[in-house]
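Participant: Quick one: the structure is below, questions incoming.
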């Protein structure tokens, strides 16, 4: 059997003398692995970089088998980000998150499309793609069944003054209801608050770090808790780079 699809390169691991095992996030077939013969050669080495979008043909006798991939070059995101350390770190973080959280062979077409859009924006400044990255992580949580409710206060039902998120329920909390417990609540960045129009939200690095801390808490708790404390080192490196830029 075989199928054709577009896919985003997540990781490549050497296999034997000249081959590699490619983990790809495909649009219609989800996260799927396959062997690429000659994957260590010069022709394919530049194509099989994490974050690149490629054309894929998968072949195998049974769907459960590893199978083999034939590759066609597509969009080279990694090359475009080479001189943008923050963007390159973000790309690595996204690939790592997808590889560790997506079930194998389970289609998530909407998440795939959102990932392509995110990667396409990463050649811009972090103030452009940073908020989208956070919304992408919120979308990932929702896709995996752990969506947050940021539209109204969990305690009062109001839709204004939402500045906290409950770490237990994943629901927004307004300033009045959350004030006495603010030390135990997670801050909600202004650009995620429903009462503030997206075009009017003032975004800075502090808010981006705040947003990544929010989504990171729920990703670690709900999606990668079985990996232990060092579950997403690429994502931690991205946050460290952002923190260093804030302090610079």
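Numbering (this note's numbering), first residue to last: 946 to 1193. A virtual CB, placed ideally from N, CA and C, is assigned to each residue, including glycine.
#1: Can you check which of these residues, 1038, 1044, 1051, 1050, is closest to residue 1063 by C-alpha distance?
#2: Using DSSP with H/G/I as helix, E/B as strand and the rest coil, what is residue 1121?
#3: Look at the Cβ atom of residue 992, then the Cβ atom of residue 999, and state whether they are nearer than 8 Å.
#4: Looking at the secondary structure, which residues open and close the alpha helix (DSSP H) in which residue 1073 lies?
#5: Within 10 Å of its beta-carbon, does residue 1192 have 16 or more other beta-carbons around it, so buried, or fewer, so exposed?
#6: Check whether the segment 1123-1141 touches the segment 1096-1105, taking contact to mean three or more Cβ pairs, one atom from each stretch, closer than 8 Å.
#7: Compute the Euclidean distance between the alpha carbons of residue 1165 and residue 1176, then round it to the nearest angstrom.
#8: Using the three-state DSSP reduction, which class does residue 1101 fall into: helix, strand or coil?
#9: Exposed or buried, which one is residue 1014 when buried takes at least 16 other CB atoms within 10 Å?
#10: Whole angstroms is fine: what's the gap from residue 1185's alpha carbon to residue 1156's?
#11: For residue 963, which three-state DSSP category applies?
#12: State the Cα-Cα distance for the pair residue 1138 and residue 962, rounded to the nearest angstrom.
#13: Enumerate, from N- to C-terminal direction, the unbroken beta strand (DSSP E) stretches of 3 or more residues contained entirely within the segment 988-1067.
#14: Relative to the C-alpha of residue 947, which residue among 987, 960, 1012 is closest?
#15: Pick out whichever of 1060, 1095, 1072, 1017 has its Cα sitting closest to the Cα of residue 1085.
Facilitator: Put simply:
#1: 1038
#2: helix
#3: yes
#4: 1071-1088
#5: exposed
#6: yes
#7: 7 Å
#8: coil
#9: buried
#10: 14 Å
#11: coil
#12: 53 Å
#13: 998-1004, 1013-1020
#14: 1012
#15: 1060
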